[in-house]
Amino acid sequence: MKTDNLEQVETISENSIIDIMTHSDIINPHIRVEGLNLNIGENHILKDVNLSIPSKKITCIIGPSGCGKTTLLRSFNRMHDDSPNVKITGKIFVDDENIYDEKAQVISIRKKMGLLAQRPCPLPMSILDNITYGPRIHGAWNRRKLYATAKHYLTEVGLWDEVKERLRSSPGHLSIGQQQRLCLARGLAVEPEIILGDEATSALDPISTKKIEELFVTLKKDYTIVLVTHTLRQAKRIADYIAFMYMGKLIEFGTTDQIFNHPQKQLTKDYISGYFS
Amino acid sequence: MKLLEEKIFKALMLISAFVIIAVIGYILFTIVSKGIGSLTWDMISKGPGGGFYLGKEGGVLNAIVGSFYLVIGAVVIALFLSIPVTMYINFYLTKTSFFAKTVRFSFDILFGIPSIVYGAFGFAVMIYFGLKASLFGGIVVVGMLITPIIMRSLDEVARFIPRDLIEAPLSLGATKYEMIKILLRQLMPGITTAVLLAIGRGIGDAATVLFTAGYTDNIPTSLSHPTATLPLAIFFQLGSPIEEVQNRAYASALILTIIILILSLSARYFSRKLSKNKV
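The listed protein sequences correspond, in order, to chains G and X. Numbering that gives the first Met the number 0 puts the first residue of the first sequence at 0, with every later residue one more than the last. Numbering that gives the first Met the number 0 puts the first residue of the second sequence at 0, with every later residue one more than the last.
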């Protein structure tokens with residue numbers, strides 16, 4: 000990992016230990032967050048976040064509970080649109096298109112990103128229909144092609160051999176780890192460019208977690224992956240880049256090596272060493 | 000002292016439970032003991048013959064069929080109104096929306112209105128338009144009676160839809176309409192239960208149909224014909240001085256009770272069976 004790509008541009012806050020780094024010179028950023036502020040009612044959740052997510056890498060967002068990492072992730076595919084009292088200012092560019100622009104189409108934005116939730120949530124339909132749901136709502140109808148699509152993505156997540164006998168049955172009988180891989184396959188079937196994971200392994204057993212983590216590592220050759228995670232060890236295992244957040248601010252961003260071995264900020268150092276969590 | 004409190008309270012709870020069971024038991028006992036003697040095959044397979052109300056041959060098939068026609072029509076109307084309303088206030092409006100609160104409040108008021116008021120209101124409207132008592136009038140008024148019932152129970156299940164299930168289709172790029180189609184699958188058991196409970200309520204209500212659906216010895220063949228209903232069949236027969244006819248009233252009550260019992264049991268059965276495919 001080359002650390003010299005990353006340049007500390009400026010420190011904004013004058014009077015506190017919380018400083019913000021921006022990295023405008025990440026080569027080929029897939030998602031670029033500029034001056035993002037998010038309020039829910041009176042609460043200022045995200046405070047002037049600037050961040051560039053590199054393309055086709057795994058970026059982990061870490062930080063203590065309530066620091067705004069999930070809120071940040073969900074703002075990438077405009078999941079806050081239906082929440083009451085949410086006010087968002089700032090810009091998020093995905094492929095150089097500002098997704099909070101008035102002209103931006105929320106459906107095409109979401110189509111670009113697969114979201115993997117904390118707990119798997121299969122739709123109330125058969126396994127096969129779950130996978131083909133995305134393509135079907137986007138206009139695919141040819142049954143043979145849909146079947147091929149389902150087979151392709153189920154194979155990609157390593158689930159095909161486990162479920163090929165019962166494609167028409169309810170996903171409710173699958174284990175929770177299998178359900179999570181089903182949800183990943185369902186997300187991939189929409190042909191996104193980005194995978195968002197919101198603590199996608201926190202409800203899973205260690206073996207399923209390992210499978211999902213391995214999948215992420217394989218998938219990063221084709222997809223940009225952004226994961227919110229609670230476990231530092233997971234970030235250490237699979238992340239290429241790490242963003243550390245605290246109290247709604249982005250404290251530090253860097254390669255995994257940089258964050259874990261040479262953190263620039265005292266807060267990062269304390270968090271990494273388990274001083275607080 | 001604390002123990003005494005505990006004992007008194009426990010006794011109170013037991014007594015209330017027994018009172019409820021005793022009341023149900025007594026009602027059933029009365030209906031069965033008085034009605035079973037008159038509950039013949041003719042009662043459920045024939046309409047009233049000449050002199051039926053004087054104790055001669057015939058049955059209440061007209062009322063059974065009429066009741067079903069009425070309640071099926073009413074359920075169709077109620078579903079067409081309550082499903083869109085519930086979907087709109089739950090999935091299009093936010094929880095704090097003033098409009099959603101107003102809609103829920105209105106339905107709460109409608110829920111509490113006694114059925115005789117619906118009957119009187121329906122009657123007033125029908126007179127205003129110069130309409131006679133008819134199956135159609137009965138359907139509309141019973142529909143008004145059960146719409147808030149269905150809407151409120153749907154609203155309860157819709158509120159407990161997990162957030163993840165709402166977001167899963169949306170994050171795949173579904174529109175809200177596509178999302179709602181998914182949610183309706185999940186809500187199916189709730190809808191079935193709501194409908195069957197509403198049927199139970201609508202089929203047993205006498206006050207709404209008294210002025211609006213009228214009464215007739217014939218099975219209606221058109222929406223503009225009046226129709227007989229089971230609650231009114233009971234009402235008219237019970238008012239007779241002839242004992243034979245009074246007993247038939249209890250037999251009709253027994254028929255109605257059995258129908259409602261079957262409906263409630265199937266409501267439970269279907270809601271359990273349909274829940275199996277839920278996630």
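Beta carbons are placed, not taken as given, at the ideal position from N, Cα and C, and that holds for glycine. This structure is a prediction, so every number in the text was calculated from the model and none was measured.
Selection X:Val59, X:Ala99, X:Glu4 and X:Ala16 evaluated against X:Asn217 yields X:Val59 as nearest (Cα-Cα). By the neighbour-count definition (other C-beta atoms within 10 Å, threshold 16), G:His29 is a buried residue. Of all residues in the stretch 151–167 of chain X, only Pro161, Asp163, Leu164, Glu166 and Ala167 place a beta-carbon less than 8 Å from a beta-carbon of chain G.
In this structure X:Phe104 is exposed. Its beta-carbon is surrounded by fewer than 16 other beta-carbon atoms within 10 angstroms. Chain-ordered, the chain G residues with CB closer than 9 Å to the CB of X:Arg184 read Leu122, Pro123 and Met124. Bounds of the alpha helix (DSSP H) holding G:Glu213 are Pro205 to Leu218. One Cα belongs to X:Ser66, the other to X:Thr228, and the distance between them is close to 5 Å. C-alpha of X:Met0 to C-alpha of X:Ala21: approximately 31 Å in a straight line. Distance check between G:Asn84 and each of X:Ser32, X:Ile76, X:Lys94 and X:Ser239 places X:Lys94 closest, using alpha-carbon atoms only. G:Gly40 does not reach chain X, its nearest Cβ partner there being about 10 Å away, counting only Cβ pairs nearer than 7 Å. Remark: C-beta atoms of X:Ala266 and X:Thr146 do not approach each other more closely than 8 Å. Chain-order list of chain G residues neighbouring X:Ile181: Leu122, Pro123, Met124 and Tyr132, by C-beta distance under 9 Å.
Listed in chain order, the non-local C-beta contacts of X:Tyr117 below 7 Å within the same chain comprise Val140, Met143, Leu144 and Thr207, local neighbours out to five positions each way being set aside. Residues of the stretch 180–192 of chain G with a C-beta atom less than 8 Å from some C-beta of chain X are Cys182, Arg185, Gly186 and Val189, listed in chain order.
One thing to note: G:Glu213 has its Cβ no nearer than 8 Å to the Cβ of G:Ala184. The beta-carbon of G:Leu114 is placed less than 8 Å from the nearest beta-carbon of chain X.
The C-alpha of G:Ala188 is placed about 41 Å away from the C-alpha of X:Thr101.
Straight through space, the alpha carbons of X:Tyr25 and X:Leu255 are spaced by roughly 17 Å. X:Leu222 sits in coil when the DSSP states are folded into three classes, being neither helix nor strand. Taking 8 Å as the Cβ-Cβ cut-off, the stretch 234–245 of chain X has no residue approaching chain G. Bounds of the alpha helix (DSSP H) holding X:Asn61 are Leu60 to Met86. Beta bridge pairing from DSSP links G:Phe252 with G:Ala242. Rounded to the nearest angstrom, the gap between the Cα atoms of X:Ser133 and X:Ile76 is 16 Å. Going by DSSP, G:Lys268 is part of the alpha helix (DSSP H) stretching over Gln265 to Ile271.
When the alpha-carbon of X:Pro47 is set against those of X:Val124, X:Thr215, X:Ile112 and X:Ala73, the nearest one is in X:Thr215. Excluding its 5 nearest sequence neighbours in each direction, X:Val84 has C-beta neighbours in its own chain below 7 Å: Val102 and Met150, listed in chain order.
Proximity of G:Pro205 to chain X, defined by a Cβ-Cβ separation below 8 Å, is not satisfied. Nearest C-alpha to G:Ile126 among G:Gln265, G:Arg180 and G:Ala202: G:Arg180. Fewer than three Cβ pairs drawn from the stretch 153–160 of chain X and the stretch 91–103 of chain G lie within less than 8 Å of each other, which leaves the two stretches out of contact. For G:Lys68 and G:Pro170, the gap between their C-alpha atoms comes out near 30 Å. For G:Lys90, the enclosing beta strand (DSSP E) stretches over residues Val85 to Val93.
Listed in chain order, the alpha helix (DSSP H) runs fully inside the stretch 110–152 of chain X are 114–127, counting runs of at least 4 residues.
Counting only Cβ-Cβ distances below 9 Å, G:Lys220 has no contacts in chain X at all, with the closest Cβ about 23 Å away. Shown here, X:Thr39 sits in coil according to DSSP, grouped into three states, outside any helix or strand. Restricting attention to alpha helix (DSSP H) runs no shorter than 4 residues, the stretch 167–214 of chain X encloses them at 175–202 and 206–211, ordered along the chain.
Judged by their CB atoms, G:Thr254 and G:Asp239 are nearer to each other than the 8 Å cut-off.
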